[in-house]
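Below is one structure, written out as structure tokens; the observations come after it.
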Amino acid sequence: MKYTELMKFITTTKTAINETYTKIEAALNNETEKKEQLKQMFDADAKNILPKYSREYVRQAYADVFQAYEEETAAAVDACRETIKAQKAAFMDKVNAFYRPDGKKIDADCVTLLNSGIKLSNTEIFDMVMKYSDNVTMLRIIEKYVVDTKIDIPQEVRNILWRVSSNGSKEERAFDHFVNLASGGFNHPDRYFYLYQGRLDVYEDEARLELMKAEIVRDEELLTKIRETEQELHKLNI
């Protein structure tokens, strides 16, 4: 499965998280403005011989402003988490569909050959694996042949079959890792949220790198993109 097919879910999730940070910022600014208005009002009142506002009233006024801020940010975060949950479900539907065995994808002629008793060479196994690089069902059948015959296959083919056996766990890990990093500012919404918001593009690139590495077959073009992305991220994280 091409990483580009999965990145759309990461990007949509990133957009939702970014919009939530914008809402948190608006809530913070609103809280600051209201507190300043209260401060000016109470400072002016304190100059009177007989102040109109008691200490309890002042404390409650500030508490009400803070509670409004907490409710506003909590609502924004909760709504975003629901969006993330929906995107994760759609992401995993795509992943699971790719890795799920499907009888319609079985090439009967190839299976007959594998069961014929003919011992295939390393080159023939490699060519067969590349032919079915987007067909996990056939790759699992080929893997069974390799295990049953105890044939010594090239490391490249071994790596491909090993990635097939991951059964989508690497892709899921990439999504979860992105969310854990990108939504870090949700845990205690305060003015430090921008530290996470400012790195959303980096987190997205890191997720893209993980998904590229999770691809079953890595051709030269993909390997080049992996190296370039690693170099770019290294510069950003120095």
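Position one of the sequence shown corresponds to residue 1 (our numbering), numbered consecutively onward. Where a beta carbon is used, it is the ideal one built from N, C-alpha and C, also for glycine. If you're wondering where the values come from, they're calculated on a predicted model, not measured in any experiment.
Quick check on Gly117: does DSSP put it in helix, strand or coil?
For the purposes of this step, residue 117 is identified with residue 117 of the sequence shown, where counting begins at 1. Gly117: coil per DSSP, three-state reduction.
Cα-Cα separation between Met212 and Asp148, rounded to whole angstroms
Here the question's residue 212 lines up with position 212 in the sequence shown. Here the question's residue 148 lines up with position 148 in the sequence shown. Each residue's Cα considered, the two are about 30 angstroms apart.
Go ahead and label Met128 buried or exposed: buried means 16 or more other beta carbons lie within 10 angstroms of its beta carbon, across all protein chains shown.
Here the question's residue 128 lines up with position 128 in the sequence shown. Buried, because 16 or more other Cβ atoms sit within 10 Å of the Cβ of Met128.
Please identify the residue among Asn237, Leu209, Ala214 whose C-alpha is closest to the C-alpha of Glu228.
Position 228 of the sequence shown, counted from the start, is the residue given in the question as residue 228. Of the listed residues, the one whose Cα sits closest to Glu228 is Leu209.
Going by other Cβ atoms of all chains shown within 10 Å of its Cβ, with 16 needed for buried, is Ser165 buried or exposed?
As a first step, residue 165 must be located in the sequence shown, where it is residue number 165. That one is exposed.
Ordered along the chain, which non-local residues of its own chain (more than five positions away) have a Cβ less than 6 angstroms from that of Asp45?
Here residue 45 is taken as the residue at index 45 of the sequence shown, counted from 1. Pro51, Lys52, Tyr53, listed in sequence order.
DSSP state of Glu215 mapped onto helix, strand, coil
Against the sequence shown, residue 215 aligns to sequence position 215. Here Glu215 sits in coil by DSSP.
Helix, strand or coil: which one does DSSP assign to Asp102?
Translated into the one-based positions of the sequence shown, residue 102 becomes position 102. In the structure shown, Asp102 sits in coil (DSSP, three-state: anything other than H, G, I, E or B).
Candidates Ser121, Lys2, Thr15: which alpha carbon is nearest Tyr203's?
The residue given as residue 203 occupies position 203 in the sequence shown. The shortest C-alpha separation from Tyr203 is found at Thr15.
Which residues in the same chain have their Cβ closer than 8 angstroms to the Cβ of Arg191, if we skip the five residues on either side of it in sequence?
Looking up residue 191 in the sequence shown gives position 191. So the list reads Leu28, once near-sequence residues are dropped.
Could you tell me whether the stretch 111 to 118 touches the stretch 75 to 92, where touching means 3 or more Cβ pairs closer than 8 angstroms?
The count of Cβ pairs closer than 8 angstroms, one atom from the stretch 111 to 118 and one from the stretch 75 to 92, stays below three, leaving the stretches out of contact.
In its own chain, which residues sit with a C-beta less than 6 angstroms from the C-beta of Glu230, not counting the 5 before and 5 after it?
Taking the sequence shown and counting its residues from 1, one reaches residue 230 at position 230. Closer than 6 angstroms at the Cβ level, and outside the excluded window around Glu230, lies no residue.
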